[in-house]
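For what it's worth, the working numbering labels the leading residue of the sequence shown as 25, then goes sequentially.
This report refers to the structure that appears directly beneath it.
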Amino acid sequence: MSVVALDVGGTHIKGAVVENGEPVETEQWHTRAERGPDAVLDTVLRCADELVARAVRRGAKPAAAGVVVPGLVDEASGTAVLAANLGWRELPVRRWVAEHLDLPVAFGHDVRAGGVAEARLGAGRGCADFVFVPVGTGIAAALMLGGRPFAGDRGFAGELGHLVVRPGGDRCACGNRGCLETLASASAIARRYALASGGPAVSAKDVRARAEAGERLAGRIWTEAVEALADGLAALTALLDPGRLVIGGGLAEAGEAFLPPLRTALAERLTFRPAPLLVTAELGHRAGSLGAALLAQDLLDGGGA
Numbered sequence: 025m026s027v028v029a030l031d032v033g034g035t036h037i038k039g040a041v042v043e044n045g046e047p048v049e050t051e052q053w054h055t056r057a058e059r060g061p062d063a064v065l066d067t068v069l070r071c072a073d074e075l076v077a078r079a080v081r082r083g084a085k086p087a088a089a090g091v092v093v094p095g096l097v098d099e100a101s102g103t104a105v106l107a108a109n110l111g112w113r114e115l116p117v118r119r120w121v122a123e124h125l126d127l128p129v130a131f132g133h134d135v136r137a138g139g140v141a142e143a144r145l146g147a148g149r150g151c152a153d154f155v156f157v158p159v160g161t162g163i164a165a166a167l168m169l170g171g172r173p174f175a176g177d178r179g180f181a182g183e184l185g186h187l188v189v190r191p192g193g194d195r196c197a198c199g200n201r202g203c204l205e206t207l208a209s210a211s212a213i214a215r216r217y218a219l220a221s222g223g224p225a226v227s228a229k230d231v232r233a234r235a236e237a238g239e240r241l242a243g244r245i246w247t248e249a250v251e252a253l254a255d256g257l258a259a260l261t262a263l264l265d266p267g268r269l270v271i272g273g274g275l276a277e278a279g280e281a282f283l284p285p286l287r288t289a290l291a292e293r294l295t296f297r298p299a300p301l302l303v304t305a306e307l308g309h310r311a312g313s314l315g316a317a318l319l320a321q322d323l324l325d326g327g328g329a
């Protein structure tokens, strides 16, 4: 039995055909969100069609689909309440995809789905209470409590990137100032370096490389990002007492330039208790699509989505 899975992001849509828990087909498409919300939805439906066609070519129509999206989601109603990077507001994604494919559809939040995947298949295995924190274009968190993602009263739990860590700091896309995302996300690191240097745009990876080569400005920007993230993780630890912090996203791939200083900074902030285990996520960019597939399988198994 197979399912199809879509992880819809602001830059890319990642898809997979999963048979008996194993991804047998994977694909990635450009979202091209600048075309507008309707065009993005059309692209999602076309991608879903392509995945179904691939599954059929392998021998059978899939039994269900899983779709996960960023932003604020209402998982109960299957609605993307606000996915700013996609231009979606109050969009009934689950209904659109289910009617288009004529399949049962599981719908969820991309980061919480990634947390489910890391819990069952990745770095969260064997730990009932942990936090999955992907650090990429933005920052969010999946609060895995008792082995299940905690969504909160309205489904908005885990917006770690909008925790204010530098009051009065840079303006965030959410409208506030000094949010964690304005300092520690990959996009913020690149933006802050370009503004400070007055040079052309570079990536966070470039900033890291320059910091490792000894450039003072890049080192300062990188250190400020690590310290801001440590502030956010310290707040999470004080509130939730997780057994593990699983760091994902592009910055986690920096390895020794990122995790050891982050561990040190976190320990310095937790003066009254030991820091939780800080590890790198194991599933990389596949976490969201694998999580979407697991939600679809759960739906078929009667465990809900």
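Ideal Cβ positions, reconstructed from N, Cα and C, are used throughout, including at glycine.
- Contact check for A104 and V97: beta-carbon distance about 6 Å, within the 8 Å limit, so the pair qualifies.
- Contact check for V140 against G182 fails: the beta carbons are separated by 8 Å or more.
- Less than 8 Å divides the Cβ of S313 from the Cβ of D31.
- In the DSSP annotation of this structure, the continuous segment of the alpha helix (DSSP H) that includes I245 starts and ends at 240-264.
- Secondary structure of R287 (DSSP, three-state): helix.
- Shown here, V64 sits in a helix according to DSSP, grouped into three states.
- Under the Cβ criterion (8 Å, minimum of three pairs), the segment 116-127 does not count as touching the segment 259-270.
- Annotated three-state conformation of A212 is helix, per DSSP.
- In this structure, T50 sits away from V64, with a CB-CB distance that is not shorter than 8 Å.
- Uninterrupted beta strand (DSSP E) stretches at least 3 residues long and entirely within the segment 41-98 occur at 46-54, 88-93, 96-98, given in chain order.
- Within the same chain, and ignoring the five residues on either side of V231 in sequence, the residues whose Cβ sits closer than 7 Å to its Cβ are I213, A214, Y217, A242, I245, W246.
- Leaving aside the five residues that flank L75 on each side, the residues in its chain whose CB is nearer than 6 Å to its CB run, in chain order, V28, G39, V41.
- The three-state secondary structure of L294, taken from DSSP, is coil.
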